[in-house]
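Residue numbers (UniProt numbering): 1 to 535.
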């Protein structure tokens, strides 16, 4: 098993998070958890007709490479056991060796194969995947025959959505981002600002202080209330500025640029949001007829003909603001979408979180890097002690630690969509089969916890959500002001959003916040906060 320290495949896209702690722990998990290892290989190799889910804070290529290497260790163990046992049985049957000698050799062979596999696994986890300073994990990955150059380039390109389009196969478009924890939307009327009054900074001329009445009377006398007039009487129509037209593309680009500048590029060094990524992505389904199934799936490119088309196969664009913290173990993603209908701006805000990895994967942090004689003796004894359970698992549940189907080089397993056929004559039998090649789950989502193991991780999720949310509202306000839009509706919507947080954050009763429903709610003392779908 060789180690790839560079890029022998050629033309491989940049693996930005190849050295992150999340990548290291996920790679370690493929040696520690046989079910996770099998799931990774099935999703990325057996189902490679499917698009790879976006990778937030980790490198999918590295994880798959280690999963294949761990599978090879297991396969080599079984081959040595099966081949050696078969040879010894033949020798005993032909009388070349006695049964009294052959049986102990078989037992020793089975023990030696299991012992060597455990030692090799310990060496990899404590060495190449160890957290050691100045050494340990460096982003390199083992090379196996199944990890071809074409497969590496495919995964590396699709995990970053290199053409700006994410193809999803399930209900939610934001595959790979984790669990939904917070969501809101609003609609704002695009009405022109009142002439002159916006410049003076007042919303109602009746509230002008006495020393300003003369100035306003000289500039915009038509807006002053008539002497003795009452609010119930009809007034002349308010004169408003003409709204400067803008498109969804313009406001999305403006918000994205200002978000990057204010939170990272132009912020003081000590106030920058480290790990911030702001990008625009389109999300679309990927249902294709079997007769149109190509050998290699081309990525969609280009913007949709109309923004947010209301069709099954239409793509919708969102602004993704992502913050990777805790060395990419905690990833908070905020998706912002805009739409213009009927002189109304609709804004959609959703927060997803990738919580830390399951606790068992952190075992790699506590393994010693030295294989001492005492350690090897303990491993040898544990192999003997666990032999009955290992043998039972091998016989009773062989599919648990094996690939679900035999994989041959060049073979691709394709899942055929089978919709429910309720027609009178079951005419669905004559319809064309369809293949859903959209991403369903990421290898990171397969190994995440269902709660926050640390209070500060929950707190940081709330913190980054609030920071991005507050900046978003202010940036939208500035954009609308520059386009002569009356800000009364926006300010009311902004107050409503912020007041909801105030009410939620005061519903603690001394037990702490949880983002199970927005950020409020109670839980039993000492329990970790669940990560669930927000309101």
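A virtual CB, placed ideally from N, CA and C, is assigned to each residue, including glycine.
| Query | Result |
| --- | --- |
| Could you pull the start and end residues of the alpha helix (DSSP H) that residue 377 belongs to? | 373 to 385 |
| Determine the DSSP secondary structure at residue 21, reduced to helix, strand or coil. | helix |
| So, helix, strand or coil for residue 129, using DSSP? | coil |
| In angstroms, rounded to a whole number, what distance separates the CA positions of residue 576 and residue 433? | With the chain running from 1 to 535 in the structure shown, residue 576 is simply not present. |
| Counting Cβ pairs, one atom from each stretch, are 3 or more of them under 8 angstroms apart for the segment 81 to 100 and the segment 32 to 41? | no |
| Could you tell me the distance, in whole angstroms, from the CA atom of residue 572 to the CA atom of residue 95? | Residue 572 cannot be examined here, being either before or after the span of the chain that is shown, 1 to 535. |
| Which parts of the segment 124 to 189 are runs of the alpha helix (DSSP H), unbroken and 4 residues or longer, counting only runs that do not cross its ends? | 149 to 158 |
| From the beta carbon of residue 284, is the nearest beta carbon of chain B less than 8 angstroms away? | Checking the listed chains, one finds no chain B in this structure; it contains a single protein chain. |
| Are there 16 or more other CB atoms within 10 angstroms of the CB of residue 499, so buried, or fewer, so exposed? | exposed |
| Can the beta-carbon of residue 176 be found closer than 8 angstroms to that of residue 50? | no |
| Can you list, in chain order, the residues of its chain with a C-beta nearer than 8 angstroms to that of residue 228? Leave out the 5 residues immediately preceding and following it. | For residue 228, the pLDDT reaches just 49, beneath the cut-off of 50, and the residue's location in the model is therefore unreliable, although a value from the coordinates is still provided. Once the five neighbours on either side are set aside, residue 228 has no close Cβ partner at all. |
| Within a Cβ cutoff of 7 angstroms, which residues of the same chain sit near residue 20, ignoring the five residues on either side of it in sequence? | 57, 58, 327 and 328 |
| Run the CB neighbour count on residue 436, radius 10 Å, all protein chains shown included, and call it buried at 16 or more, exposed below. | buried |
| Measuring alpha carbon to alpha carbon, tell me which residue in 25, 23 and 52 is nearest residue 440. | 52 |
| Span of the alpha helix (DSSP H) holding residue 69? | 60 to 93 |
| Pop quiz: residue 188 and residue 443 are said to be a contact at Cβ under 8 angstroms. What is the actual Cβ separation, rounded to whole angstroms? | In fact, because the Cβ distance is near 40 angstroms, the residues do not count as touching under 8 angstroms. |
| With contact counted as at least three CB pairs below 8 angstroms, one residue from each stretch, are the segment 266 to 284 and the segment 360 to 377 in contact? | no |
| Buried or exposed: which applies to residue 197, given that a residue is buried once 16 or more other Cβ atoms fall within 10 Å of its Cβ? | Unreliable placement is indicated for residue 197, whose pLDDT of 45 sits below 50; no coordinate value is reported for it. |
| My guess is that residue 464 and residue 323 are in contact by the Cβ rule of under 8 angstroms, so how many angstroms apart are they, rounded? | 5 angstroms |
| Whole angstroms is fine: what's the gap from residue 172's alpha carbon to residue 335's? | 12 angstroms |
| Taking contact to mean 3 or more Cβ pairs, one atom from each stretch, closer than 8 angstroms, check whether the segment 475 to 495 and the segment 236 to 245 are in contact. | yes |
| What does the alpha-carbon distance come out to for the pair residue 101 and residue 145? | 38 angstroms |
| Could you give the first and the last residue of the continuous beta strand (DSSP E) run that contains residue 317? | 316 to 325 |
| For residue 605, tell me which candidate among 258, 388, 114 and 26 has the shortest Cα-Cα distance. | Nothing about residue 605 can be reported from this structure: the residues present for the chain run from 1 to 535 only. |
| Report the rounded CA-to-CA distance for residue 149 versus residue 139, giving the unit in angstroms. | 17 angstroms |
| Secondary structure at residue 436, three-state DSSP: helix, strand or coil? | strand |
| How would you call residue 356, buried or exposed, if buried means at least 16 neighbouring beta carbons within 10 angstroms? | buried |
| Spatial neighbours of residue 340 within its chain, please: C-beta separation below 7 angstroms, excluding the five flanking residues on both sides. | 248 |
| Whole-angstrom Cβ separation of residue 166 and residue 268, contact assumed at under 8 angstroms? | Between residue 268 and residue 166 the Cβ distance is about 34 angstroms, and since that is not below 8 angstroms, they are no contact. |
| Identify the residues that DSSP records as bridge partners of residue 278: which are they? | 321 |
| Could you round the C-beta distance between residue 477 and residue 262 to whole angstroms and report it? I think they count as a contact, below 8 angstroms. | Incorrect: roughly 13 angstroms between the Cβ atoms, too far for contact. |
| Measuring straight from C-alpha to C-alpha, what distance separates residue 424 and residue 348? | 42 angstroms |
| Could you name the residues of the same chain whose beta carbon sits closer than 7 angstroms to that of residue 120, not counting the 5 residues immediately before and after it, in chain order? | 73 |
| Please report the residue range of the beta strand (DSSP E) in which residue 247 lies. | First-last for residue 247: undefined, no H or E at that position. |
| Leaving out the 5 sequence neighbours to the left and right, which residues in its chain are closer than 7 angstroms to residue 33 when beta-carbon positions are compared? | 360 |
| Please look up how many angstroms separate the CB atoms of residue 61 and residue 15, rounded, as I've assumed it's under 8 angstroms. | 6 angstroms |
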